[in-house]
Amino acid sequence: MTAHLPASQITLGILAGGRASRLGGTDKAWLERDGIAQVIRWQRRFALETAAVLVSANRDRDRYARSGLQVVADRTSIDIGPVAGIDALATACRTPWLLTVPVDLVGVNECLLPTLLAGATDNGAFAVDDDGTQPLVALWRVLPMRTAVEAVIAAGNGAVHALQAGLGMAAVRLDGVRFGNLNTPDDLAAAGVTIPR
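Number 53 in UniProt numbering belongs to position 53 of the sequence shown; there are no gaps in the numbering.
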């Protein structure tokens, strides 16, 4: 594929529906670094590269609305992890392409989107950083994505890698990059995160 798509063709989908069980249920979307909530950090980071922002979340809808963010809830009651959020984002997306990122990433490289585009198949690509495969950091072609995700949910399969394999998405290596994530209190301390009161 090309290394460029106009921003008008891409929606940013922030996956913020996790339970954060290792953090006592703290909503990771509103964890702050340097006074900026995680969900706002990613909205700002990709503002020039995407036309719209959707947040997959299942609580605090009013809080997102007050920040000008459109939130979409899971459409299925089956506990299948992030596939449910991916389904919600795919259904709500109004552009041909969807870039997904988990809200608990510590950082992304400046050339993430162009790199995914350059390595993508017709149906998209997912990132592989120095820590391994990062299936939720991915660029998806929305129409085939919708059909595929409905099929895996119907089959009760919550494996994102199986969904991406079925779509023939490319694994794109990002050498020297580590996204990191905010999963444990130690992760928060290392990243300088403040838990909001």
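Cβ coordinates follow ideal geometry from the N, Cα and C atoms, glycine included.
Asked                                                                                                                                                              : Found
For Ala170, count neighbouring Cβ atoms within 10 angstroms of its own Cβ and tell me buried if that reaches 16, exposed if not.                                   : buried
In angstroms with no decimal places, state the Cα-to-Cα distance between Arg173 and Thr115.                                                                        : 9 Å
Kindly indicate the opening and closing residues of the alpha helix (DSSP H) around Gln164.                                                                        : 160-167
Quick one: grab the DSSP three-state call for Ala7.                                                                                                                : helix
Taking the straight line between their C-alpha atoms, what separation do you get for Glu150 and Ala138?                                                            : 18 Å
If you run the structure through DSSP and keep just helix, strand and coil, what is Asp87?                                                                         : helix
Can you find at least 3 beta carbon pairs, one from the stretch 66-80 and one from the stretch 119-126, that sit closer than 8 Å?                                  : no
Quick check: what's the CA-CA separation for Gly176 versus Arg45?                                                                                                  : 20 Å
Cα separation between Asp27 and Gln38?                                                                                                                             : 10 Å
For Leu31, is the classification buried or exposed, using 16 other Cβ atoms within 10 angstroms of its Cβ as the cut-off for buried?                               : buried
Three or more beta-carbon pairs under 8 Å between the stretch 153-161 and the stretch 100-110, yes or no?                                                          : no
Out of curiosity, what's the CA-to-CA distance linking Tyr64 and Asn58?                                                                                            : 11 Å
How long is the line joining the alpha carbons of Asp130 and Arg178, rounded to whole angstroms?                                                                   : 6 Å
Looking at the unbroken alpha helix (DSSP H) that takes in Thr115, where does it start and where does it end?                                                      : 112-119
Applying the 10 Å Cβ sphere with the 16-neighbour rule, what's the burial state of Gln164?                                                                         : buried
Spatial neighbours of Ala7 within its chain, please: CB distance less than 6 Å, with the 5 preceding and 5 following residues excluded, ordered by chain position. : Glu49, Thr50, Ala51
Within a Cβ cutoff of 6 Å, which residues of the same chain sit near Gly17, ignoring the five residues on either side of it in sequence?                           : Ser56, Ala57, Asn58, Gly85
Using only alpha-carbon positions, find the residue among Ala118, Gln9, Ala29 that is nearest to Val106.                                                           : Ala29
Is DSSP giving Pro185 helix, strand or coil here?                                                                                                                  : helix
To the nearest angstrom, how far is the alpha carbon of Ala190 from that of Trp42?                                                                                 : 19 Å
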